[in-house]
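Protein sequence lines correspond, in order, to chains A and B. Each residue of the first sequence is one higher than the one before, counting from 1 in UniProt numbering. Each residue of the second sequence is one higher than the one before, counting from 1 in UniProt numbering. For every residue, glycine included, the Cβ atom is placed at its ideal position computed from N, Cα and C. Only a predicted model underlies this, so the values are computations on that prediction, with no experimental measurement involved.
There are 2 protein chains.
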Amino acid sequence: MTKTAKGAATRQRIVEAAAAEIRERGTVVTTLDDVCRRSGTGKSQMFHYFPRGREQLLLAVTELEARNVFDDQEPYLSQLTSRQAWRQWRDVVVETCRTQGLHCPLGVLIADVGRYSPAAQAVARQLIRRWQDAVRAGVEATQAAGEADPRIDADRLAAAVVTVIQGGVSVLLSTGSADHLEIALDMVLGPILRPFS
Amino acid sequence: MTKTAKGAATRQRIVEAAAAEIRERGTVVTTLDDVCRRSGTGKSQMFHYFPRGREQLLLAVTELEARNVFDDQEPYLSQLTSRQAWRQWRDVVVETCRTQGLHCPLGVLIADVGRYSPAAQAVARQLIRRWQDAVRAGVEATQAAGEADPRIDADRLAAAVVTVIQGGVSVLLSTGSADHLEIALDMVLGPILRPFS
DNA sequence: AATTTTTTGTACTTGCTGGTACATTTTGTC
DNA sequence: GACAAAATGTACCAGCAAGTACAAAAAATT
């Protein structure tokens, strides 16, 4: 489909425009024409690079956002070895969600897109999996460093963390407040934030 | 708008048909014609009882579902005084979500409708509030009965519980599995499920 | 029974959105 | 520079879904 550098650039512009549009206004109300306008392209390109149309574009957006979200967090996640690092990470997560508010890509992604196309659902599932793995690795590293109770089940804790984040974002979407996220995250992270004796 | 019993009945049929349709197939793909067909009415009635159209209907559905969800849970919630009752409630929540799966009205509601109309958002917010209040009352009752650690902050725990449920449903929607819900709920309920000394 | 109000049926309009057709330009290749 | 392939511009189509117009039937009111 894409054979030249120019083409690749155009394709990318389209995906990024779509992602931005969706982040700002939501999936349902974002139209292909909006995306074309924003990316400075026409329907022609649209269907040239995404022959299966809207569905295919949404999938590409989903993948892009999944990458973005993960790349954003990765540097923090890979250094979770001390209680202090955890505390910092907690703050980053809450703050990111709070400021991005309704535009939280992860929220939009999983809540919105995932439900309607099996392919996008698979992407969402994979993102959750990776996210959870990264958190689990962090827990294990902290345990290995002797900074956390070794009796903590790292994978269960990680599962709870991603669930709580997802829920917090969800509540944020309907209430506009990140309080729930903060409270629940604190509670779940409790065992690892508090010193163990 | 509605002056006679017959009219009220029709109006109700419309809302219920819409709710069912949305539960089964989702908000985005549900059309007014679908609702008319299912309720055995015509556009004429539709706009007679909901002059502001689709938006107004969705709001009515949101309110209906909010009532339903809460009425379902209320009997359980009001009797949360023993650790055993909590364990039972936990099972009911998980099981309900698991079997209802993608059709979970709460999930659909808050994730789907809430984001697009301020009015619906208000309803969602109120539902969360009531739900959280009920859980908090349960925690306090359990503490009063001497079955739970009095040092637990009831409101924070309640906030975490609703967050976790919301998140669990959200994850369920994209992964199809209720495992996350179960794990996170267990973890958050930990302090109240385990005997304290 | 007359009349006014409410309820309902039918047919239509309008606007938008995903998607297509096809011609034209640009780009890479020999 | 010729030729093929890729990229792009313009114009269009088909369908669908929200919403409207208006008249007819059914109830309520007197």
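Three-state secondary structure assigned by DSSP to residue i
i	result
phenylalanine 196(B)	coil
glutamine 79(A)	coil
arginine 52(B)	coil
serine 117(B)	coil
threonine 2(B)	coil
valine 29(A)	coil
alanine 178(B)	coil
glycine 42(B)	coil
Residue range of the unbroken alpha helix (DSSP H) whose run includes residue i
i	result
glutamine 84(A)	83-100
serine 39(B)	32-39
threonine 175(B)	154-175
glutamate 147(B)	First-last for glutamate 147(B): undefined, no H or E at that position.
glycine 7(A)	5-25
CB contact flag (residue i, residue j, <9 Å)
i	j	result
valine 35(A)	isoleucine 14(A)	yes
tyrosine 49(A)	threonine 2(A)	yes
aspartate 155(A)	glutamine 132(A)	yes
aspartate 149(A)	proline 191(A)	yes
alanine 164(B)	alanine 137(B)	The residue asked about is misnamed: residue 164(B) is valine in this sequence, not alanine. It is not a contact, given that the beta carbons lie outside the stated cut-off.
serine 170(A)	valine 61(B)	no
valine 162(B)	glycine 176(A)	no
glutamate 16(A)	threonine 30(A)	no
serine 82(B)	glutamate 147(B)	yes
glutamine 73(A)	valine 94(A)	no
threonine 142(B)	tryptophan 86(B)	yes
serine 174(B)	glutamine 121(A)	yes
valine 188(B)	methionine 187(A)	yes
leucine 181(A)	leucine 172(A)	yes
alanine 66(A)	alanine 159(A)	no
arginine 98(B)	alanine 178(B)	yes
leucine 32(B)	arginine 52(B)	no
threonine 10(A)	glutamine 45(A)	yes
isoleucine 128(B)	valine 139(B)	no
glutamate 70(A)	arginine 130(A)	Residue identity differs from the one stated: residue 70(A) is phenylalanine in this sequence, not glutamate. Yes, these two residues count as a Cβ contact at 9 Å.
Within chain A, partners of residue i - CB distance below 9 Å
i	result
glycine 168(B)	Thr163, Gln166 and Gly167
leucine 181(B)	Thr163
glutamine 121(B)	Leu173, Ser174, Thr175 and Gly176
Listed by chain order, chain B residues near residue i by CB distance under 7 Å
i	result
alanine 148(A)	What alanine 148(A) touches in chain B: nothing, since even the nearest Cβ is about 15 Å away.
threonine 175(A)	Arg125 and Ile128
arginine 136(A)	Those within 7 Å of arginine 136(A) in chain B number zero; the least Cβ separation is about 12 Å.
Under 8 Å by beta carbon: chain B residues contacting residue i
i	result
arginine 67(A)	By Cβ distance, chain B contributes nothing, its closest Cβ being about 17 Å from arginine 67(A), past 8 Å.
arginine 151(A)	Under the 8 Å cutoff, chain B gives no residues; its nearest Cβ is about 13 Å from arginine 151(A).
Closer than 9 Å at the beta carbon, the chain B residues around residue i
i	result
valine 188(A)	Ala160, Val164, Ala184, Met187 and Val188
arginine 194(A)	What arginine 194(A) touches in chain B: nothing, since even the nearest Cβ is about 13 Å away.
Neighbouring residues, chain A, relative to residue i (Cβ below 7 Å)
i	result
arginine 98(B)	By Cβ distance, chain A contributes nothing, its closest Cβ being about 14 Å from arginine 98(B), past 7 Å.
At a Cβ cut of 7 Å, what residues of the segment 81-95 of chain A count as close to chain B, listed as they run along the chain?
-> none
What residues from the UniProt domain "HTH tetR-type" (8-68) of chain A come within 9 Å of chain B, judged by C-beta to C-beta, listed N to C?
-> Gly26, Thr27, Val28 and Val29
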